[in-house]
Structure formats: structure tokens, C-alpha cells
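Peer 1: Dumping the structure here so I can ask a few things about it.
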Amino acid sequence: MSDELIPKVKQMIIDSLRIEGMSPDEIDTDAQLFGEGLGLDSIDALQLVVAMEKEFGVVVPDAATGSTVFASVRSMAAYIAENRK
Amino acid sequence: MICWMFPGQPITFTGVPSDDIEFQKIIRVCQESTGCNPLENDISDSDISQSVRLQLLGTCISLHRSSQLTIEGKVPDLIAEHSMGIYPALAASGSIDSATALELTYRIGVAMAKRGMQREYALGCVIGMSCSPLEEIAANNTVHIANYNTSHHFLLAGERKNIDAALAEAKASGAFSAAGFPCDAPLHTPLIAEITEGIEQIVAGYSFCEPLIPLVEHIGQTVLTAATIPAFLVDELCRPVYWDTTYRTLRSRGVTQFQEVGAGKALSKFNRWIDSEI
Numbered sequence: 001m002s003d004e005l006i007p008k009v010k011q012m013i014i015d016s017l018r019i020e021g022m023s024p025d026e027i028d029t030d031a032q033l034f035g036e037g038l039g040l041d042s043i044d045a046l047q048l049v050v051a052m053e054k055e056f057g058v059v060v061p062d063a064a065t066g067s068t069v070f071a072s073v074r075s076m077a078a079y080i081a082e083n084r085k
Numbered sequence: 086m087i088c089w090m091f092p093g094q095p096i097t098f099t100g101v102p103s104d105d106i107e108f109q110k111i112i113r114v115c116q117e118s119t120g121c122n123p124l125e126n127d128i129s130d131s132d133i134s135q136s137v138r139l140q141l142l143g144t145c146i147s148l149h150r151s152s153q154l155t156i157e158g159k160v161p162d163l164i165a166e167h168s169m170g171i172y173p174a175l176a177a178s179g180s181i182d183s184a185t186a187l188e189l190t191y192r193i194g195v196a197m198a199k200r201g202m203q204r205e206y207a208l209g210c211v212i213g214m215s216c217s218p219l220e221e222i223a224a225n226n227t228v229h230i231a232n233y234n235t236s237h238h239f240l241l242a243g244e245r246k247n248i249d250a251a252l253a254e255a256k257a258s259g260a261f262s263a264a265g266f267p268c269d270a271p272l273h274t275p276l277i278a279e280i281t282e283g284i285e286q287i288v289a290g291y292s293f294c295e296p297l298i299p300l301v302e303h304i305g306q307t308v309l310t311a312a313t314i315p316a317f318l319v320d321e322l323c324r325p326v327y328w329d330t331t332y333r334t335l336r337s338r339g340v341t342q343f344q345e346v347g348a349g350k351a352l353s354k355f356n357r358w359i360d361s362e363i
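Chains as they are written, first to last, in this note's numbering: chain A, 1 to 85; chain B, 86 to 363.
Here it is, written out as C-alpha cells:
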């Protein structure tokens, strides 16, 4: 179920963070998004929170939850699959 | 219309172009003008705090990036600055040279670090909360909002115990994240007013040319002139950075492209957020 969301999550990351010159295929599904990997930070996290709520109706309430949800594309997709109505 | 944006000090020593020959030249200028190499942690010099080293490093990186862009034949129509980004911004505008930008960064940074010896100060980064409730929390805990970066990104400054209490209250009130870190002095707050006399004396020792490229400041979004620069350099330390308003003002004045000239991408990310609200 959540695997079907993976391409959509990758596109959402690219669109919401305005990552130029990168296609969804170039984002590793299991790579760390913060720190290493895509090198995202807390400013990006809030942008992703807003995008997830807008696109999937899923709320990430705080940074502690966010650190688990935004660990990778796969974890984001799993969280969306579990929490969307 | 193109605007170069000069960010404030970086928060880490990562992402430094240490192997770049041109960057090494700027580090040498820094050593000659301040006696300090921001890449070396010389613990024998008690004047050099971690914050001062980061402030100098930020200025070095911005000067290097600005020089690279100039070599590539790029010239901005406007320049904007955030916090300590004012010093390399002044250099890029043609008002002062690189050595003076580094000297000012160092001397003002050291003056503020001495302020920090009297009390323990901290900064608090609050993300995902709007302005009004955070202003109330700041007032409740006797701290100040030092940076209004976007509608939902703020930096608090004040005494450490008060910052800790304010951050706890912000988290309890629904902030997405609220993180604190130590600093030398509560920059961009009225708490700096006690040392402005010393800063005025430092600034009075320099002369400023008329900027060749218009430089928009972060408080009232005016274009700085040779006559207004000295007062601004003192005033800005005691007043908040209004980046959200600055960016919106630049957009309304016709800026279509923004180039971040310094360490990191924080300003570009703030702009991305603000754009999403426009």
C-alpha cells in the first residue's frame, strides 16, 4: 500500500522544496533525508509538513514525530498510508 | 532585477571551501586584518569565542562567494543583508574593502562576546508558530524576538534560563520545533544597548564610501548611504532582523532573482516559504 505512494512522495519533496534539476528517480527511497542524504534541515521540515497536509491530509504534529516520519521517503510513505483518511 | 543576499553567521564550521586557493587568500586577509584565522581554534586567545570565529568564517565565505560571482562577470542590481551579513554586504556594495569588513566583523564580535561574559545568553529557534502568540511568550519570559524570518520562523534571544522557559512554552503551545543554543550576546535585542557606546567608538574609526550598488537594510528596508551606515551598524545590533518584510519589499520593488552569497541556504529557504504565502 505505502509503496504506491513512494513516487508521489518523491514528487512532493521536489515540488515543495523546489529542488531543481532532480527527478523523482534520483531520490533514494531509503536514504536519510536530513543531515546526510538530501541534506534537509528544520526549515525544510516545516515546508514538508505543510505539503503533506495539503496533498495527503496528514498532520505531523511536532519535530519529534517529524524526525521519525522524515527519516526517509519510505517512512514518509508509510506514515501517510497509516494516517490519511 | 537581481539581488544578492548576504546571510548572517553560519551555525557550524561545515561546508567551508578550505581547499579553494581564492578562499585561502581571503583567510590570509582575515589573519592580517584581525590576527585570527577562523578555521583554527586558538584557545590561547581568550577574545576569540566560537561565535566570533563563526562570524568571521561567515564573512570570509560571503566575501569569497561575492568575489567568485564578480569574476564570473555577475553584478547585482541590489544588495540585501541579514544580521552579520551586513559587513560583507558593505564590501560587495563598494562602501568598504574586504579587510575592513573582516576587521569590523571581528571587533564588533569581540565587543559583543565581552558582553556575554557578564551573563549566560542563548538563542532559541522557533519554527511552526505564528508571530502573535510567540510575541506573548517572549514577553512572558523576558526574552526578545531577534529575527522575524518568515511568518513561522523566528529566533529568540535572551538570558539562557529565560530562553529555555520560552522554548518550553512555545513547544507546549504547538510550535513544530523549538531548539536552543548558546551565544555570546543577545544580538538584535535591546539588551545590547548597554554596549552601544563601545560599538559607536569602533564604527567611528572607519570611513564609509557611498555604496556603488544600492544596499537595502533589514530594519526599515531603506537604502543605506555613506551618511546612514555608521548609525545603522550600531542600531541594527539592538533591533530585530525583519527578513520577511525585507524580502517582500524587495519583491515589490521589482527583484525577480535572488542569489544567496554566503554559507548555507537559509535565506533562500525563508524566501521559498514566503513565496508560498504570496
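Just so you know, even glycine gets a beta-carbon here, dropped at the ideal spot from N, CA and C. Being a predicted model, the structure only gives us computed values, none of them experimental.
Start and end of the beta strand (DSSP E) containing A263 (chain B)?
Peer 2: As a first step, residue 263 (chain B) must be located in the second sequence, where it is residue number 178. Here the beta strand (DSSP E) through A263 (chain B) covers S262 to C268.
Peer 1: Starting from E29 (chain B), trace the beta strand (DSSP E) in both directions and tell me its first and last residue.
Peer 2: A query on residue 29 (chain B) cannot be resolved here, the shown segment of chain B reaching from 86 to 363 and no further.
Peer 1: Using a cut-off of 8 Å between C-beta atoms, extract the partners of A81 (chain A) located in chain B.
Peer 2: In the first sequence, residue 81 (chain A) corresponds to position 81, counting from 1. Within 8 Å Cβ-Cβ: nothing; A81 (chain A) doesn't reach chain B, min ~22 Å.
Peer 1: Under the rule that 16 or more other beta-carbon atoms within 10 Å means buried, what is P61 (chain A), buried or exposed?
Peer 2: By one-based count along the first sequence, residue 61 (chain A) stands at place 61. Exposed is the call here.
Peer 1: Would DSSP call E107 (chain B) helix, strand or coil?
Peer 2: As a first step, residue 107 (chain B) is located in the second sequence; it is residue number 22 there, counting from the start. Note: E107 (chain B) maps to helix in three-state DSSP.
Peer 1: Please name the residue, chosen from B:W328, B:D320, B:A176 and B:Q94, that lies closest to G143 (chain B) on a Cα-to-Cα basis.
Peer 2: The residue given as residue 143 (chain B) occupies position 58 in the second sequence. Of B:W328, B:D320, B:A176 and B:Q94, the residue nearest in Cα terms is B:Q94.
Peer 1: Are any of the Cβ atoms in chain A nearer than 9 Å to that of F261 (chain B)?
Peer 2: As a working note, residue 261 (chain B) is residue 176 in the second sequence. Yes, F261 (chain B) counts as interfacial toward chain A.
Peer 1: For E345 (chain B), which three-state DSSP category applies?
Peer 2: Looking up residue 345 (chain B) in the second sequence gives position 260. The answer is strand: DSSP assigns E345 (chain B) an E or B state.
Peer 1: With a CB to CB cut of under 6 Å and the five nearest residues on each side skipped, what residues in its chain are close to V49 (chain A)?
Peer 2: The residue given as residue 49 (chain A) occupies position 49 in the first sequence. If we look at V49 (chain A) and ignore the five residues flanking it on each side, its Cβ neighbours are V60.
Peer 1: Please list, in chain order, the residues of the stretch 4-24 of chain A that have any C-beta partner in chain B closer than 7 Å.
Peer 2: Answer set for the stretch 4-24 of chain A: R18.
Peer 1: Along the chain, where does the beta strand (DSSP E) that runs through F91 (chain B) open and close?
Peer 2: By 1-based counting over the second sequence, the position of residue 91 (chain B) is 6. It spans I87 to F91 - the beta strand (DSSP E) in which F91 (chain B) sits, taken as one unbroken run.
Peer 1: Between G339 (chain B) and the rest of its own chain, which residues show a CB-CB distance below 7 Å, the 5 nearest in sequence each way excluded?
Peer 2: One-based indexing of the second sequence puts residue 339 (chain B) at position 254. If we look at G339 (chain B) and ignore the five residues flanking it on each side, its Cβ neighbours are M86.
Peer 1: Give the DSSP bridge partners of C210 (chain B), in chain order.
Peer 2: Indexing the second sequence from 1 puts residue 210 (chain B) at position 125. Paired residue(s): B:L240 and B:A264.
Peer 1: At a cut of 8 Å, does the stretch 263-282 of chain B reach the stretch 224-241 of chain B through at least three beta carbon pairs?
Peer 2: The answer is yes - the stretch 224-241 of chain B touches the stretch 263-282 of chain B, with three or more Cβ pairs under 8 Å.
Peer 1: Does any residue of chain A have a CB that is nearer than 9 Å to the CB of H167 (chain B)?
Peer 2: Position 82 of the second sequence holds residue 167 (chain B). Chain A, which has no Cβ nearer than 9 Å to the Cβ of H167 (chain B), makes this no.
Peer 1: State the DSSP-derived secondary structure class of E26 (chain A), mapped to helix, strand or coil.
Peer 2: To locate residue 26 (chain A), count along the first sequence from 1; it is residue 26. Helix.
Peer 1: I43 (chain A) touches chain B at which residues, Cβ-Cβ below 9 Å?
Peer 2: For this step, residue 43 (chain A) is matched to residue 43 along the first sequence. Within 9 Å Cβ-Cβ: I212, N234, T235, H238, K350, A351, K354, F355, R357 and W358.
Peer 1: In three-state DSSP terms, what is T144 (chain B)?
Peer 2: Mapped onto the second sequence, residue 144 (chain B) falls at position 59. Three-state result, T144 (chain B): helix.
Peer 1: Quick check: L33 (chain A) and S2 (chain A), are their CB atoms within less than 9 Å of each other?
Peer 2: Counting from 1 along the first sequence, the entry for residue 33 (chain A) is found at position 33. Counting from 1 along the first sequence, the entry for residue 2 (chain A) is found at position 2. Contact: no.
Peer 1: Shorter than 9 Å from the beta carbon of Q32 (chain A) to some beta carbon of chain B?
Peer 2: The sequence position of residue 32 (chain A) within the first sequence is 32, counting from 1. No, no contact with chain B.
Peer 1: Below 7 Å CB to CB, which residues in the same chain sit around L5 (chain A) once its five sequence neighbours on both sides are set aside?
Peer 2: Stepping through the first sequence from its first residue, residue 5 (chain A) is reached at position 5. The residues are A77, I80 and A81.
Peer 1: Counting only the same chain and skipping the five closest in sequence on each side, list residues whose C-beta sits under 6 Å from that of E295 (chain B).
Peer 2: What you label residue 295 (chain B) is simply residue 210 of the second sequence in a count that begins at 1. Counting only Cβ-Cβ distances below 6 Å, and skipping sequence neighbours, we find A311.
Peer 1: For S353 (chain B), which of B:P102, B:A165 and B:A250 has the nearest alpha-carbon?
Peer 2: Position 268 of the second sequence, counted from the first residue, corresponds to residue 353 (chain B). Of B:P102, B:A165 and B:A250, the residue nearest in Cα terms is B:A165.
Peer 1: Ordered along the chain, which non-local residues of its own chain (more than five positions away) have a Cβ less than 6 Å from that of Q342 (chain B)?
Peer 2: As a working note, residue 342 (chain B) is residue 257 in the second sequence. Closer than 6 Å at the Cβ level, and outside the excluded window around Q342 (chain B), lie I87.
Peer 1: Is there a Cβ of chain B sitting closer than 9 Å to that of A71 (chain A), yes or no?
Peer 2: Locating residue 71 (chain A) in the first sequence gives position 71, where the first residue counts as 1. No, its Cβ sits nowhere closer than 9 Å to a Cβ of chain B.
Peer 1: Grab me the residues of S258 (chain B)'s own chain with a C-beta within less than 8 Å of its C-beta, minus the 5 sequence neighbours each way, in chain order.
Peer 2: By one-based count along the second sequence, residue 258 (chain B) stands at place 173. M214, P218 and I222.
Peer 1: Anyone know if the C-beta pair for S151 (chain B) and F91 (chain B) falls short of 9 Å?
Peer 2: On the second sequence, residue 151 (chain B) is found 66 positions in, with the first residue counted as 1. On the second sequence, residue 91 (chain B) is found 6 positions in, with the first residue counted as 1. Result yes, Cβ atoms of S151 (chain B) and F91 (chain B) sit closer than 9 Å.
Peer 1: Looking at the secondary structure, which residues open and close the beta strand (DSSP E) in which I164 (chain B) lies?
Peer 2: Taking the first residue of the second sequence as 1, we reach residue 164 (chain B) at position 79. Run containing I164 (chain B): L163 to E166, per the beta strand (DSSP E) assignment.
Peer 1: Between the stretch 193-205 of chain B and the stretch 272-291 of chain B, do three or more beta carbon pairs fall short of 8 Å?
Peer 2: Touching, yes.
Peer 1: Against chain A, does A231 (chain B) count as a neighbour if the rule is that its beta carbon must be under 9 Å from one of theirs?
Peer 2: Residue numbering aside, residue 231 (chain B) sits at position 146 when the second sequence is read from its first letter. No, A231 (chain B) does not count as interfacial toward chain A.
Peer 1: Give the straight-line distance between the Cα atoms of V228 (chain B) and W328 (chain B), rounded to the nearest whole angstrom.
Peer 2: Along the second sequence, read from residue 1 onward, the residue named residue 228 (chain B) stands at position 143. Along the second sequence, read from residue 1 onward, the residue named residue 328 (chain B) stands at position 243. So the two alpha carbons sit approximately 19 Å from each other.
Peer 1: Please classify L318 (chain B) as buried or exposed, where buried requires at least 16 neighbouring CB atoms within 10 angstroms.
Peer 2: To locate residue 318 (chain B), count along the second sequence from 1; it is residue 233. Under this definition L318 (chain B) is a buried residue.
Peer 1: Following the continuous alpha helix (DSSP H) through I222 (chain B), name the residue where it begins and the one where it ends.
Peer 2: Within the second sequence, residue 222 (chain B) is the residue found at index 137, counting from 1. Its alpha helix (DSSP H) spans residues C216 to N225.
Peer 1: Tell me the DSSP secondary structure of T313 (chain B) in three-state form.
Peer 2: As a working note, residue 313 (chain B) is residue 228 in the second sequence. Three-state DSSP puts T313 (chain B) in coil, outside helix and strand.
Peer 1: Starting from G49 (chain A), find everything on chain B with Cβ-Cβ shorter than 9 Å and list it in chain order.
Peer 2: For this step, residue 49 (chain A) is matched to residue 49 along the first sequence. For the record, residue 49 (chain A) in the displayed sequence is Val; it is not Gly. Chain B residues near V49 (chain A): G213 and F261.
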